[in-house]
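Heads up, the thing below is written out as structure tokens.
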Amino acid sequence: MYINATNPTANLKVKILNIEGKLIRTENLEIQDQTSIDVSNLKSGIYFLNIEDETGNVEVKKFIKE
930 MYINATNPTA
940 NLKVKILNIE
950 GKLIRTENLE
960 IQDQTSIDVS
970 NLKSGIYFLN
980 IEDETGNVEV
990 KKFIKE
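Going by our numbering, the first residue of the sequence shown is number 930, and it counts up by one from there.
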């Protein structure tokens with residue numbers, strides 16, 4: 930899965946949660962334009978990507994792993 934940044938950032942905290950809200954994985958990333966997250970080990974299903982920047986802004990995106 931790829932994440933595109935509208936504003937390059939030094940530090941993002943990325944959490945992957947399952948449909949029940951259980952934390953699956955946490956990563957700290959630096960993004961200039963685009964970066965990838967390996968989701969190949971996840972089972973098929975619906976997940977949420979919780980992205981928090983260094984200023985505390987949080988964005989949540991839903992994705993489906995087939």
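Backbone N, C-alpha and C fix where the C-beta goes; we use that ideal spot for every residue, glycine too. Predicted model, so just to flag it, every value in this text is computed and none were measured.
Kindly indicate the opening and closing residues of the beta strand (DSSP E) around residue i.
{"i": "Glu981", "result": "Gly974 to Glu981"}
{"i": "Ser965", "result": "Gln963 to Ser965"}
{"i": "Ile948", "result": "Premise fails: Ile948 is in no beta strand (DSSP E) and is neither H nor E."}
Is it buried or exposed for residue i, if we count other Cβ within 10 angstroms and need 16 for buried?
{"i": "Tyr976", "result": "buried"}
{"i": "Ile948", "result": "exposed"}
Determine which residues share a DSSP beta bridge with residue i and list them.
{"i": "Ile993", "result": "Ile975"}
{"i": "Val943", "result": "Glu956 and Ile980"}
{"i": "Asn933", "result": "Gln963"}
{"i": "Val987", "result": "Glu981"}
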